[in-house]
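A.B. asks: Residues in the sequence shown are numbered from 473 upward in steps of one, following this note's numbering. The beta-carbon is built from N, C-alpha and C at its ideal position, and this holds for glycine as well. Quick one: the structure is below, and I'll ask about it shortly.
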Amino acid sequence: MNLSRIVSGTCSLLTAACGVEGTVNLQNPNNPLLVPRKFEIGAYTVREGYEGVFNVNGENFTISKVGQDYVLSDGSRLVFWGGLVQFYAGGLAGTKFSLEGACPSSDKVIQPLIVRDTNKGSFTVDSESFSLNKGETNELSDGSKITYLEGLSQDFAGGLHGAKLDLECH
């Protein structure tokens, strides 16, 4: 397959893809196929819930204030919207964040929460809510996919709580 990476503003051959960053299939330039963008995201909050700790495709960073953002190396932006930790069996724990400029279809507001002491995750992406067991995938209405990889719950001061997930944007 003949693939070429395009970046916003560099659309000499493929005007249909202008403004979208991603990879396109050049075998058929009249109808290029946008190859999905993939993100592996670890999204955690500290036990007290005031800080977000993230790992996105190998980039590690901490956001210590609600509404603060971090610009990833690919130019997309992650904004931390808060954390939640419920300290009882079956309680929810995790973060809420938005990922802007990452998915061609739209920006995503994501709230992955683990269900403590289980293998389940409770997710809200934009206005779609669903539950997943570890390893399961859910397809969103725009064709994007969320896979729940694992949960983390560290019950000590400064411990992290949250989920690791794959986001495949369409």
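Could you give the distance in angstroms between the alpha-carbon of A574 and the alpha-carbon of E640?
C.D. replies: 10 Å
A.B. asks: Identify every run of the beta strand (DSSP E) within the region 515 to 594, keeping only runs that are complete inside it and at least 3 residues long; order them along the chain.
C.D. replies: Runs found: 524 to 528, 531 to 535, 541 to 543, 549 to 557, 564 to 572 and 580 to 587.
A.B. asks: G562 and V587: beta carbons closer than 8 Å?
C.D. replies: yes
A.B. asks: Figure out for me which residue from K580, Y560 and L564 has the closest Cα to the Cα of R549.
C.D. replies: K580
A.B. asks: Whole-angstrom Cβ separation of L612 and D638, contact assumed at under 8 Å?
C.D. replies: No, L612 and D638 are not in contact; Cβ-Cβ is about 13 Å, not under 8 Å.
A.B. asks: Given the structure, does D598 come close to the ligand NAD, in the sense that its CB is under 7 Å from one of the ligand's heavy atoms?
C.D. replies: This structure lacks the ligand NAD; in fact it carries no ligand of any kind.
A.B. asks: Applying the criterion that 16 or more other CB atoms from any shown protein chain within 10 Å of the CB defines a buried residue, is V543 buried or exposed?
C.D. replies: exposed
A.B. asks: Put A635 into one of helix, strand or coil per three-state DSSP.
C.D. replies: strand
A.B. asks: Measure the alpha-carbon distance for Q583 versus S545 and round it to whole angstroms.
C.D. replies: 22 Å
A.B. asks: In the DSSP assignment, find the beta strand (DSSP E) that holds F602 and state where it starts and stops.
C.D. replies: E600 to N605
A.B. asks: Mind checking A515: buried by the 16 CB within 10 Å criterion, or exposed?
C.D. replies: If you draw a 10 Å sphere on the C-beta of A515, you find 16 or more other C-beta atoms in it, and that means buried.
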